[in-house]
């Protein structure tokens, strides 16, 4: 069966520090991968998605970036965090178009 | 920008009652999905309904889709305290690889 792993669960980082959040999927190949961010009490904002290795689509211009170094690995990064980067970050995957997402458990990031 | 908008934003009902949440969207879709999110957790997929379908059931859940009105509804029958969560609709437009989520309905079921 397929599983998705996202870590860490919580993170407190100072302004200006770097960020690296990792997401991996097991039990499938060539998944569509996604990073969403959710502000407190709000809906989900799509940040990045990838339909293949090395293919990254960015939805929102910001100081975040994403990479897909391996087929089932999706990384969200920042060189210098801003206070506004605080939020709940969710990784998700699906086999392809026409399928629902399976979400990871999320990372709660607080930038102080 | 948000594609879907849920209504109401918040809903409080007694255990055993039915809960109805609505979702409206703006552009033509390939399919629409509903997700549940318990506080501080990831989202859980509930139901996917395709644009050529009008109604789907899953246990106590019933989803309808009216593409002419660009709207969908989620009905939870005989609600339980464990149904307390936020519910989101998400739409997948033709030719895209992504779902756009609505703002969610916060459901509280009182025991």
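Chains as they are written, first to last, in the working numbering: chain A, 9 to 120; chain B, 4 to 114.
Think of the CB as a built atom: it goes at the ideal place given N, C-alpha and C, for glycine as much as any other residue.
None of the values given here were measured: they were computed from a predicted structure.
Here residue 57 of chain B has 67, 68 as same chain residues with Cβ atoms under 7 Å from its own Cβ, once five neighbours each way along the sequence are excluded.
Under the 10 Å beta carbon count, residue 62 of chain B is surrounded by fewer than 16 other beta carbons and is classified as exposed. Pairing residue 14 of chain A with residue 98 of chain A gives a Cβ-Cβ distance under 9 Å. Going by DSSP, residue 76 of chain A is part of the beta strand (DSSP E) stretching over 72-78. Contacts with chain A at 9 Å (Cβ-Cβ) include residue 48 of chain B. If only complete runs of 3 or more residues are kept, the region 52-76 of chain B shows the beta strand (DSSP E) at 58-61, 64-69, in order along the chain. Assignment of residue 89 of chain A by DSSP, reduced to helix, strand and coil, places it in the coil class. Within the model, the alpha-carbon separation for residue 110 of chain A versus residue 34 of chain A is close to 12 Å.
Under the three-state reduction of DSSP output, residue 93 of chain B falls in the strand class.
If you draw a straight line from the Cα of residue 43 of chain B to the Cα of residue 107 of chain B, it comes to about 14 Å. Residue 85 of chain B carries a helical assignment under DSSP once its states are collapsed to helix, strand and coil.
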